[in-house]
Amino acid sequence: MKLNEKGDLKYYTFENIEKTNIVKHCFSTKFGGVSAGCYESMNLAFREDKRENVIKNYEIICDSIGLDYKNVVFSSQIHEDKIYKVTKEDIGKGLLRESNIKGYDALITNEKDIVLVTFYADCVSIFIVDPINKAIGIAHSGWRGTVKEIGIKTIKEMEKQYSSQPKDLIIGIGPSIEKCCFQVGEDVVEQFKNMLPFSKDYIFNDTQKGKYKIDLQNIIKKSLINNGVLEENIEISNLCTMCNNKTFFSHRFMGDNRGSLAGIISLYN
Ligand SMILES: [Zn+2]
75 MKLNEKGDLK
85 YYTFENIEKT
95 NIVKHCFSTK
105 FGGVSAGCYE
115 SMNLAFREDK
125 RENVIKNYEI
135 ICDSIGLDYK
145 NVVFSSQIHE
155 DKIYKVTKED
165 IGKGLLRESN
175 IKGYDALITN
185 EKDIVLVTFY
195 ADCVSIFIVD
205 PINKAIGIAH
215 SGWRGTVKEI
225 GIKTIKEMEK
235 QYSSQPKDLI
245 IGIGPSIEKC
255 CFQVGEDVVE
265 QFKNMLPFSK
275 DYIFNDTQKG
285 KYKIDLQNII
295 KKSLINNGVL
305 EENIEISNLC
315 TMCNNKTFFS
325 HRFMGDNRGS
335 LAGIISLYN
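Encoded structure:
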């Protein structure tokens, strides 16, 4: 991943996704917005922040990457595995008008200029580009979504809707809480071992007895490869949001009094 700096604004991009030349995208940081307090400063979800500040933040970050913030579409996410196909009729939903897109953790589209947005504060973002059929997707994959393989379900839905083939997909796996910090108990580990047996190679004993650390980004990468995505087409951030809590909002570090990061992607060509 590459860090981009424009004045106060800082955001990350995937080099493999930039090279497709058909999308504009970014993963935000805390820097460059107008929000204050625990939302300082680039908060991209309403939460308890001032509405006009959040909208202004969208204007700033979208302008900077060459997108129109009025075309933003987002869902309310619930750590499930439902996927929503976004069309022009959905433009503005979530940010500028009432949305009926609720309970979806992944968004896909093959229409230009729609700005797909999903939210993060430790969970993993999965950016998906099909340069052949010109379609995109973005999935919010926390540990629950990872156990349910929301990334795989999203690429299967793109195959159904847009004829996308896994071998053609260009994928970015964004900053999230990583194996250095993502401590879990036996219950979470059991779910991984039951649902994704291969994940045992990415689960480590913690120094604290009865606790474990999980490498979510690499579990997702492996699950994509197991489903036909080419390893060379996957760019993984390896950035930990909790270690880098000065740069990223981290739920584990800040609790509920925090802003939200966003994964933003739009087809333009
Ligand atoms: Zn860490």
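Residue numbering for the sequence shown follows the numbering used here, starting at 75 and increasing by one per position. Idealized CB from N, CA, C, for every residue including glycine. In this text, all values refer to a predicted model and were calculated from it rather than measured experimentally.
Proximal residues to residue i (C-beta, below 8 Å), its chain only, five neighbours per side dropped
i, result
"residue 185", "160, 161, 162, 341"
"residue 262", "217, 286, 288"
"residue 258", "217, 285, 286, 287, 288"
"residue 319", "327, 328"
"residue 129", "143, 169, 170"
For residue i, the nearest candidate out of the options (CA to CA)
i, options, result
"residue 223", "172, 209, 157, 188", "157"
"residue 289", "237, 304, 211, 255", "255"
"residue 105", "88, 155, 77, 91", "77"
"residue 152", "321, 192, 311, 314", "192"
"residue 248", "102, 98, 176, 79", "102"
"residue 187", "143, 273, 205", "143"
"residue 97", "240, 245, 278", "245"
"residue 243", "304, 89, 260, 117", "304"
"residue 204", "196, 230, 214, 219", "230"
"residue 279", "206, 190, 260", "260"
"residue 81", "135, 296, 226", "135"
"residue 308", "276, 329, 343, 241", "241"
"residue 228", "250, 164, 154, 99", "154"
"residue 252", "215, 234, 283", "215"
"residue 115", "93, 282, 83", "83"
Those residues which DSSP pairs with residue i across a bridge
i, result
"residue 229", "The partner list for residue 229 (beta bridge, DSSP) is empty, contrary to what the question assumes."
"residue 79", "84"
"residue 216", "In the DSSP output, where bridge partners are listed per residue, residue 216 has none listed."
"residue 171", "167"
"residue 201", "212, 246"
"residue 341", "97"
"residue 180", "157, 213"
"residue 310", "247"
"residue 288", "277"
"residue 189", "146, 340"
Short Cβ contact (8 Å threshold) for residue i with residue j
i, j, result
"residue 149", "residue 194", "no"
"residue 294", "residue 221", "no"
"residue 48", "residue 212", "The structure shown has nothing for residue 48, since the chain only spans 75 to 343."
"residue 108", "residue 131", "yes"
"residue 313", "residue 323", "no"
"residue 272", "residue 300", "yes"
"residue 202", "residue 232", "yes"
"residue 99", "residue 277", "no"
"residue 330", "residue 250", "no"
"residue 274", "residue 283", "no"
"residue 297", "residue 226", "yes"
Cβ shell of residue i (< 7 Å), same chain only, five flanking positions each side left out
i, result
"residue 306", "none"
Residue i, DSSP secondary structure in three states
i, result
"residue 100", "strand"
"residue 125", "helix"
"residue 58", "Limits of the chain in this structure are 75 at one end and 343 at the other, which puts residue 58 out of reach."
"residue 283", "coil"
"residue 305", "helix"
"residue 242", "helix"
"residue 138", "helix"
"residue 112", "helix"
"residue 350", "A question about residue 350 goes unanswered here, because the residues of the chain that appear run from 75 up to 343."
"residue 194", "strand"
"residue 278", "strand"
"residue 335", "strand"
"residue 320", "coil"
"residue 118", "coil"
"residue 298", "helix"
"residue 234", "helix"
Cutoff 6 Å; reference residue i; Cβ partners in own chain excluding five residues on either side
i, result
"residue 265", "221"
"residue 209", "184, 232, 236, 238"
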